[in-house]
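Colleague: Supplied in structure tokens, the structure appears directly below.
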Amino acid sequence: IAVPELKREGVRLEYGETDLHLIAGRVLHALQSKIEDRQLEVSLELDDELPPIEADPARVRQILGNLVSNAVNFTYPGGHVTIGAKLLREDEDQAPAYCALWVSDTGIGIPLEEQAHIWERFYRPTNPLAAEASGLGVGLSIVKSLVDAHGGRVWLESAPGEGSTFTVVLPLKRAQQVRS
Numbered sequence: 177i178a179v180p181e182l183k184r185e186g187v188r189l190e191y192g193e194t195d196l197h198l199i200a201g202r203v204l205h206a207l208q209s210k211i212e213d214r215q216l217e218v219s220l221e222l223d224d225e226l227p228p229i230e231a232d233p234a235r236v237r238q239i240l241g242n243l244v245s246n247a248v249n250f251t252y253p254g255g256h257v258t259i260g261a262k263l264l265r266e267d268e269d270q271a272p273a274y275c276a277l278w279v280s281d282t283g284i285g286i287p288l289e290e291q292a293h294i295w296e297r298f299y300r301p302t303n304p305l306a307a308e309a310s311g312l313g314v315g316l317s318i319v320k321s322l323v324d325a326h327g328g329r330v331w332l333e334s335a336p337g338e339g340s341t342f343t344v345v346l347p348l349k350r351a352q353q354v355r356s
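Each residue of the sequence shown is one higher than the one before, starting from 177 at the first, in our numbering.
In structure tokens:
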């Protein structure tokens, strides 16, 4: 998806059954050579009971792909990247209504004063390792737009030198059905 398309027309979603296990595997396959070049260890922590969610599979792959690509690019060689997903309940007595998906790394981390800006288009962190990474600085703004379009939330926990965790929470069903 091009950034001008997001800004001009909003995001069009094509909902369908979205298997996060399958998407995680495809994202890792696409990044395998870069993961190997950087000698990164990757862990999957996907709940075995996780059912397919109702979302746009191509857009969810784009969300996860951008997050994992960033984790790979901003983690020092020999570091660790984790992809996880689990069901969330609003209340213990209710059926799960959401899915949490996260990408953690042992990378460079993001200083607190920069964290509010990472969702802005063309924003690039000031860390020297970030200067070496290719990209325009639009990946996280695209992630935010796609998560918002699904009726979800995304946030970051990070500390310089300790790494980052990006968490995405998406409804299991279409946003309008969850809110009714």
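Even for Gly, the Cβ is constructed at its ideal location relative to N, Cα and C. Just so you know, these numbers come straight off a predicted model, no measurement behind them.
#1: So who's on the other strand from Val344, going by DSSP bridges?
#2: Which partner residues of His256 appear in the DSSP bridge assignment?
#3: For the 8 angstroms Cβ check, are there 3 or more pairs between the region 223-237 and the region 185-201?
#4: Can you pull the DSSP bridge partners for Ile286?
#5: Look up Gly192 in the DSSP assignment and say whether it is helix, strand or coil.
#6: Classify Asp281 as buried or exposed, calling it buried when 16 or more other Cβ atoms lie within 10 Å of its own Cβ.
#7: What separation, rounded to the nearest whole angstrom, lies between the Cα atoms of Glu268 and Val244?
#8: Is it true that the region 215-222 meets the region 254-264, where meeting means three or more beta-carbon pairs spaced less than 8 angstroms apart?
#9: Which same chain residues, not among the five before or five after Ala206, have their C-beta less than 8 angstroms away from its C-beta?
#10: Could you give the first and the last residue of the continuous alpha helix (DSSP H) run that contains Ile229?
#11: Roughly how many whole angstroms lie between the Cα atoms of Ala200 and Glu289?
#12: Using the three-state DSSP reduction, which class does Gly339 fall into: helix, strand or coil?
Modeller: For this structure:
#1: In the DSSP secondary-structure assignment, Val344 is bridged to Leu277 and Val330.
#2: Here His256 is bridged, per DSSP, to Glu217.
#3: Put simply, the region 223-237 touches the region 185-201. At least three CB pairs are less than 8 angstroms apart.
#4: None; Ile286 has no bridge partner.
#5: In the structure shown, Gly192 sits in a strand (DSSP, three-state: E or B).
#6: Buried, by the Cβ-count rule.
#7: Cα-Cα distance, rounded: 31 angstroms.
#8: Counting Cβ pairs under 8 angstroms, three or more are found: they touch.
#9: Only Gly241 meet the Cβ criterion.
#10: Note, Ile229: premise wrong, no alpha helix (DSSP H); beta strand (DSSP E) at Ile229 to Ala231.
#11: Ala200 and Glu289 have their C-alpha atoms roughly 31 angstroms apart.
#12: Strand.
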